[in-house]
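S.K.:
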Ligand SMILES: *Cc1c(COP(=O)(O)O)cnc(C)c1O
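Numbering (the numbering used here), first residue to last: 1 to 463.
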């Protein structure tokens with residue numbers, strides 16, 4: 001989730017992104033099911049609906065901008081992951097992608113586990129009734145308070161990220177009279193992103209303990225000596241927005257190699273491996289993500305083959321999809337404010353939100369698509385850049401897309417696939433009020449995270 005995870009680098013502003021339609025789509029009114037939540041449709045009048053509710057009605061009731069999340073789609077995706085991985089594997093939803101109490105309850109209902117990486121996420125999860133033993137606690141710098149809270153709560157596992165943390169968690173567990181189940185997060189020298197991956201000897205990043213130079217093996221040695229820890233497995237997370245399974249193949253090979261070394265040195269076979277998350281979704285029609293059952297099949301095959309080769313019992317696998325579950329289930333609804341054609345360049349369409357509700361375009365050069373959703377139009381396509389209302393020229397939501405040339409202030413437009421890392425990364429820049437998350441299902445809409453108010457802003461400002 002850093003810029004370096006996207007080594008394609010920033011793209012030249014005047015060039016249409018690779019793989020992005022440089023020509024307008026045949027039908028601007030068409031909503032590609034790849035990028036829109038599963039219940040999204042248009043009425044005969046041309047108004048887009050989600051969960052059977054018209055976006056015009058949603059805008060009237062809840063205002064714009066707003067994140068609209070399709071509950072049925074979320075549950076279906078969660079269930080598809082759960083079913084695909086089956087009884088001998090665990091699916092941990094990565095809460096950092098988007099977490100609220102309603103989401104925790106949906107995950108609980110659908111039999112998923114949950115990853116958290118802060119005290120705030122842990123509190124949210126516990127307060128919504130997620131059993132602690134189904135929670136994994138992550139992070140490269142968990143505070144003593146966070147570790148203590150997690151151990152007291154009885155979290156199912158803490159994923160250890162450094163040598164200091166091995167000792168810290170062991171001491172805290174012991175002082176509480178507990179033995180904490182832990183995994184050690186290692187870096188295997190694989191950097192994966194989208195359609196390619198790089199296998200290297202080293203990884204220059206803050207997460208995990210490098211396999212290179214025997215550091216991971218040393219971490220295992222230390223963890224095994226400490227009474228406060230029960231080492232249950234090895235963890236590896238190789239990147240994000242990945243379509244190519246070959247990065248996982250190299251990672252699994254290296255993780256299993258470590259399990260084998262552990263067996264040879266200590267005479268024990270660790271029972272679990274976690275292969276992380278990072279599976280890609282379609283942000284535009286150019287992306288072709290894999291289905292959970294294909295991913296599960298590929299990962300199970302890779303791990304069993306590697307274990308057979310190493311003559312190890314196949315460990316229990318866990319995976320941690322965040323984006324792949326929540327990303328496609330939501331879209332952001334905006335109202336068009338101003339429209340500024342720049343001759344020979346493009347038309348700037350300003351909406352009532354921006355980088356405060358979707359930082360991914362500015363942060364990662366992320367690609368998105370956009371559609372007119374309050375009506376259809378037969379007007380000619382115009383090349384647009386959808387921008388926000390913030391005091392920053394990099395405040396871009398959709399860099400290059402087409403909208404109908406008759407677009408007018410007051411029209412509603414929507415950006416699909418904003419379920420992951422948009423609300424969770426939202427900010428108050430320019431004292432923007434963070435938008436609500438509205439869950440829609442079977443003709444009914446309800447707020448699951450309310451819109452911030454000016455009172456919320458002033459409540460924090462106590463000077
Ligand atoms: C971010 C993260 C995930 C989830 O990544 P997605 O790209 O949302 O699937 C899973 N595991 C770990 C350890 C992470 O840091």
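For each residue, glycine too, the CB sits at the ideal point set by N, CA and C.
In whole angstroms, what separates the C-alpha of residue 407 from that of residue 339?
M.R.: When rounded, the distance between both Cα atoms is 8 Å.
S.K.: Does at least one heavy atom of ligand 1 sit under 7 Å from the Cβ of residue 424?
M.R.: No.
S.K.: Determine, using beta carbons only, whether residue 93 and residue 292 come nearer to each other than 8 Å.
M.R.: No; because the gap between Cβ atoms is not below 8 Å, this pair is not in contact.
S.K.: Would you say residue 112 touches ligand 1, meaning its beta carbon is less than 7 Å from a heavy atom?
M.R.: No, the Cβ of residue 112 stays beyond 7 Å of every heavy atom of ligand 1.
S.K.: Whose CB is closer than 5 Å to a heavy atom of ligand 1? List the residues in chain order.
M.R.: Any residue whose Cβ sits closer than 5 Å to a heavy atom of ligand 1 makes the list: 94, 97, 237, 240, 276, 277, 278, 320, 321, 322 and 323.
S.K.: Cα separation between residue 189 and residue 319?
M.R.: Near 19 Å, if we compare the C-alpha coordinates of residue 319 and residue 189.
S.K.: In terms of residue numbering, what span does the alpha helix (DSSP H) encompassing residue 119 cover?
M.R.: Per DSSP, residue 119 belongs to the alpha helix (DSSP H) from 119-127.
S.K.: To test your reading of the DSSP string, which unbroken beta strand (DSSP E) runs of 3 or more residues are found completely within the segment 275-339?
M.R.: Correct list: 316-319.
S.K.: Does the Cβ of residue 73 have 16 or more other Cβ atoms within 10 Å, making it buried, or fewer, making it exposed?
M.R.: Burial call: buried.
S.K.: Below 8 Å, how does it come out for the segment 247-254 and the segment 152-169: are there three or more Cβ pairs, yes or no?
M.R.: With the cut-off at 8 Å, the segment 247-254 and the segment 152-169 do not touch.
S.K.: According to DSSP, is residue 194 part of a helix, a strand, or is it coil?
M.R.: Of the three classes helix, strand and coil, the one that applies to residue 194 here is strand, per DSSP.
S.K.: Whose C-beta lies closer than 7 Å to the C-beta of residue 202 among residues of the same chain, with five residues either side of it excluded?
M.R.: Excluding positions up to five away in sequence, the list reads 189, 210 and 212.
S.K.: Indicate whether the contact test is met: 3 or more Cβ pairs, each with one atom in the segment 399-417 and one in the segment 323-339, closer than 8 Å.
M.R.: Touching, yes, given that three or more Cβ pairs across the two stretches are closer than 8 Å.
S.K.: Quick one: is residue 428 buried, meaning 16 or more other Cβ sit within 10 Å of its Cβ, or exposed?
M.R.: It counts as exposed.
S.K.: In or out: residue 221 buried (at least 16 other Cβ within 10 Å) or exposed?
M.R.: Counting Cβ neighbours within 10 Å, residue 221 comes out exposed, since fewer than 16 surround it.
S.K.: For the 8 Å Cβ check, are there 3 or more pairs between the segment 347-357 and the segment 433-441?
M.R.: Counting Cβ pairs under 8 Å, three or more are found: they touch.
S.K.: Any chance you could list the alpha helix (DSSP H) runs of at least 4 consecutive residues sitting entirely within the segment 85-154, in chain order?
M.R.: Fully enclosed alpha helix (DSSP H) runs of 4 or longer: 101-109, 119-127 and 144-153.
S.K.: If you reduce the DSSP assignment to three classes, tell me which class residue 426 lands in.
M.R.: If DSSP states are grouped into helix, strand and coil, residue 426 belongs with coil.
S.K.: Could you give the C-beta distance for residue 135 and residue 114, rounded to a whole number, given that I count them as a contact under 8 Å?
M.R.: 5 Å between Cβ atoms; contact.
S.K.: Just to confirm before moving on: does the CB-CB distance between residue 65 and residue 274 stay below 8 Å?
M.R.: Going by C-beta atoms, residue 65 is not nearer than 8 Å to residue 274.
S.K.: Of all the alpha helix (DSSP H) runs that stay within the bounds of the segment 221-276, which reach a length of 4 or more residues?
M.R.: You should have 246-266.
S.K.: What did DSSP end up calling residue 369 once you bin it into helix, strand or coil?
M.R.: Here residue 369 sits in coil by DSSP.
S.K.: How about residue 234: is its Cβ closer than 7 Å to a heavy atom in ligand 3?
M.R.: Looking for ligand 3 in the displayed structure turns up nothing; the ligands present are ligand 1.
S.K.: Please classify residue 88 as buried or exposed, where buried requires at least 16 other C-beta atoms within 10 Å of its C-beta.
M.R.: Counting Cβ neighbours within 10 Å, residue 88 comes out exposed, since fewer than 16 surround it.
S.K.: By the DSSP assignment, the beta strand (DSSP E) with residue 180 in it spans what residues?
M.R.: Per DSSP, residue 180 belongs to the beta strand (DSSP E) from 180-187.
S.K.: Report buried or exposed for residue 193, applying the criterion of at least 16 other Cβ atoms within 10 angstroms of its Cβ.
M.R.: It is buried - the Cβ of residue 193 has at least 16 other Cβ atoms within 10 Å.
S.K.: If you count every other CB in all the chains shown that lies within 10 Å of the CB of residue 32, and 16 or more means buried, which is it?
M.R.: With fewer than 16 Cβ atoms within 10 Å of its Cβ, residue 32 is classed as exposed.
S.K.: Just confirm the distance between the C-beta atoms of residue 167 and residue 230, as a whole number of angstroms; I'd bet it's less than 8 Å.
M.R.: Rounded, the Cβ-Cβ distance is 15 Å, inconsistent with contact.
S.K.: Could you please give me the residues that DSSP links to residue 348 through a beta bridge?
M.R.: Partner(s): 340 and 385.
S.K.: If you run the structure through DSSP and keep just helix, strand and coil, what is residue 56?
M.R.: DSSP places residue 56 in helix when its eight states are reduced to three.
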